[in-house]
Amino acid sequence: MLLTAFGCQPQADWAAHFDPSPFAMPYDLSRPDTCHLLPDALREISGLSWCPDTLWTHNDEQGILFCLSANDASLLDTIHFHKHGDYEGVEKVGPTVWVVKSNGTLYAVDLRTRTTRKYATPLGEAQDVEGLAYDSAHHRLLLACKGSAGEGFSPFERAIYAFDLEARQLQPRPLHLINQQAVDAWLGAQPAGEWRDKLMEAFAKTDDHLRFQPSALAVHPLTGDLWVVSSPGKLLAILSPDGRIRHIARLDKRLLPQPEGIAFAADGTLFLASEGRDGQGKICRFRPLSDR
Numbered sequence: 001m002l003l004t005a006f007g008c009q010p011q012a013d014w015a016a017h018f019d020p021s022p023f024a025m026p027y028d029l030s031r032p033d034t035c036h037l038l039p040d041a042l043r044e045i046s047g048l049s050w051c052p053d054t055l056w057t058h059n060d061e062q063g064i065l066f067c068l069s070a071n072d073a074s075l076l077d078t079i080h081f082h083k084h085g086d087y088e089g090v091e092k093v094g095p096t097v098w099v100v101k102s103n104g105t106l107y108a109v110d111l112r113t114r115t116t117r118k119y120a121t122p123l124g125e126a127q128d129v130e131g132l133a134y135d136s137a138h139h140r141l142l143l144a145c146k147g148s149a150g151e152g153f154s155p156f157e158r159a160i161y162a163f164d165l166e167a168r169q170l171q172p173r174p175l176h177l178i179n180q181q182a183v184d185a186w187l188g189a190q191p192a193g194e195w196r197d198k199l200m201e202a203f204a205k206t207d208d209h210l211r212f213q214p215s216a217l218a219v220h221p222l223t224g225d226l227w228v229v230s231s232p233g234k235l236l237a238i239l240s241p242d243g244r245i246r247h248i249a250r251l252d253k254r255l256l257p258q259p260e261g262i263a264f265a266a267d268g269t270l271f272l273a274s275e276g277r278d279g280q281g282k283i284c285r286f287r288p289l290s291d292r
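As structure tokens, this is what we get:
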């Protein structure tokens with residue numbers, strides 16, 4: 001099992017912290033092509049998964065799956081899969097929709113029979129799982145922890161764990177780690193300017209934790225990069241397939257006041273979902289700049 005432990009490398013070794021190759025943001029994150037408001041039941045939307053023509057999602061309290069049109073976010077179907085709980089991520093893999101609870105428990109919902117099977121993992125409330133993604137290249141789920149990375153890890157680290165879909169088992173060590181040293185190294189390599197200053201402010205070191213706290217993640221279908229959203233700070237970190245930071249961006253808080261879901265269509269179209277806070281939840285769609 002790969003363990004991306006940035007903190008074990010000398011700070012001068014940039015390649016151990018981030019991918020220094022040039023990165024061009026393929027979307028204008030301030031200008032979505034469309035944004036659709038969601039029904040009241042999805043005011044607290046939490047998680048997003050794309051499959052042809054549809055989006056799967058849920059809210060963070062009820063054990064209900066919502067199937068929406070990928071074109072206009074209209075409601076197509078609902079499935080009651082389990083009792084009330086703190087559900088934080090969703091991913092469709094074949095005929096199964098997977099949902100993760102904040103304590104790391106996974107629920108596999110068979111769309112053919114509309115039955116649910118539960119899988120416990122060694123993760124718990126301290127890890128505070130808040131994101132779920134499917135890595136098709138390795139047929140595994142990725143679980144992002146907003147809280148503790150696990151026993152023996154620093155509070156300045158955030159972990160992403162892998163769940164093997166063949167063995168139906170969580171790998172015992174994190175697949176990737178994002179930590180303060182990696183962020184600082186990437187920021188230090190960026191050109192000076194207001195853009196970098198704002199990011200440095202967002203990542204200013206606290207006394208007891210890393211400000212970046214994952215709330216959603218997805219694998220880009222064309223590059224294999226891992227896109228990780230942090231609702232606190234309205235941040236987006238893009239990791240290479242081997243877990244090194246490629247880019248960090250800020251999301252527009254006026255457009256996405258509380259981003260809680262991210263998904264990609266097969267052609268690279270990006271979907272971002274936000275809780276409504278004082279209004280309705282929404283899903284925004286961003287086509288690649290190359291398609292505009």
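Counting from 1, position 225 in the sequence shown corresponds to residue 225 in this note's numbering; the numbering is continuous, with no gaps.
Glycine included, C-beta positions come from ideal geometry on N, C-alpha and C.
These numbers were taken from a predicted model, which means no experiment stands behind them.
Opposite residue i in the DSSP bridges: which residues?
i, result
"Asn59", "Ile45"
"Tyr107", "Val99 and Lys118"
"Ser69", "Thr54"
"Gln169", "Asp164"
"Phe81", "None, per the DSSP bridge assignment."
"Glu151", "None, per the DSSP bridge assignment."
"Lys299", "Outside the shown range of the chain, which is 1 to 292, sits residue 299, and nothing can be said about it."
"Ala263", "Phe271"
"Lys92", "Val97"
"Phe23", "Its beta-bridge partners do not exist; DSSP assigns none."
"Arg250", "Leu235"
"Val229", "Ala216 and Leu236"
"Leu75", "Leu68"
Tell me, to the nearest whole angstrom, how far the beta carbon of residue i is from that of residue j; I am working on the premise that it is less than 8 Å.
i, j, result
"Glu275", "Gly281", "6 Å"
"Ala162", "Leu177", "That pair is no contact at about 13 Å."
"Leu235", "Phe212", "6 Å"
"Ala204", "Arg250", "The pair is not a contact, with the Cβ atoms about 14 Å apart (cut-off 8 Å)."
"Glu145", "Ala159", "Note that residue 145 is Cys in the sequence shown, not Glu. Rounded, the Cβ-Cβ distance is 5 Å, consistent with contact."
"Glu157", "Leu210", "7 Å"
"Leu48", "Val90", "7 Å"
"Pro257", "Arg277", "5 Å"
"Thr34", "Arg285", "5 Å"
"Leu272", "Gly261", "7 Å"
"Asp208", "Pro155", "6 Å"
"Ile283", "Leu111", "Not a contact, Cβ separation roughly 21 Å."
Within a Cβ cutoff of 7 Å, which residues of the same chain sit near residue i, ignoring the five residues on either side of it in sequence?
i, result
"His139", "Leu165 and Glu166"
"Asp309", "Given that the chain is displayed from residue 1 to residue 292, the structure contains no residue 309 and the question cannot be resolved."
"Gly336", "Because the chain in this structure spans residues 1 to 292, residue 336 falls outside the shown range and cannot be described."
"Ala182", "Phe6, His17, Phe18 and Ile245"
"Pro221", "Phe264, Ala266 and Gly268"
"Asp72", "His36"
"Ala12", "The pLDDT assigned to Ala12 is 36, lower than 50, so where the model puts this residue is not dependable; a value taken from the coordinates is nonetheless given after this. Excluding sequence neighbours, Ala12 sits near nothing in its chain."
"Arg292", "none"
"Ser215", "Glu130, Gly131, Lys146, Val229, Ser230, Ser231, Pro259 and Glu260"
"Pro95", "Asp110, Leu111 and Arg112"
Excluding five sequence neighbours on each side, which residues of the same chain lie with their C-beta closer than 6 Å to the C-beta of residue i?
i, result
"Ile238", "Asp225, Trp227, Arg246 and His247"
"Pro241", "Gly224"
"Val99", "Tyr87, Val90 and Tyr107"
"Thr121", "Gly104 and Leu170"
"Val109", "Phe81, Val97 and Thr116"
"Pro232", "Gln213"
"Glu44", "Asn59, Asp60 and Glu275"
"Ala70", "Asp53, Thr54 and Leu55"
"Lys92", "Ser49, Cys51 and Trp56"
"Pro288", "Pro26 and Gly268"
"Ser148", "Ala126 and Gln127"
Just checking residue i against the ligand NAD - is the residue's beta carbon closer than 6 Å to any of the ligand's heavy atoms?
i, result
"Thr206", "As presented, the structure is devoid of all ligands, the ligand NAD included, so that no description of it is given."
Please return the same chain residues whose Cβ sits closer than 8 Å to the Cβ of residue i, not counting the five positions on each side in sequence.
i, result
"Trp14", "At Trp14, the pLDDT of 45 sits below 50, so the modelled position is not reliable; the number obtained from the coordinates is stated separately. Counting only Cβ-Cβ distances below 8 Å, and skipping sequence neighbours, we find Pro20, Ala185 and Ala189."
"Ile64", "Ala41, His58, Thr78, Ile79, His80 and Phe81"
"Thr4", "Bear in mind that a pLDDT of 35 at Thr4, under 50, signals an unreliable position, so the model cannot answer this."
"Ser290", "Pro26"
"Cys67", "Thr54, Leu55, Trp56, Leu75, Leu76, Asp77, Thr78 and Ile79"
"Lys253", "Lys234"
"Gly124", "Asn103 and Gly104"
Check whether the stretch 244 to 259 and the stretch 175 to 193 are in contact - that is, three or more C-beta pairs closer than 8 Å. yes
Which ranges would you report for the alpha helix (DSSP H) in the stretch 117 to 147 if only whole runs of at least 4 residues count? none
Report yes or no: do the stretch 15 to 27 and the stretch 45 to 59 share at least 3 C-beta pairs separated by less than 8 Å? no
Answer yes if the stretch 90 to 106 comes into contact with the stretch 128 to 138, meaning at least three C-beta pairs across the two stretches below 8 Å, and no otherwise. yes
Any chance you could list the alpha helix (DSSP H) runs of at least 4 consecutive residues sitting entirely within the stretch 186 to 214, in chain order? 194 to 202
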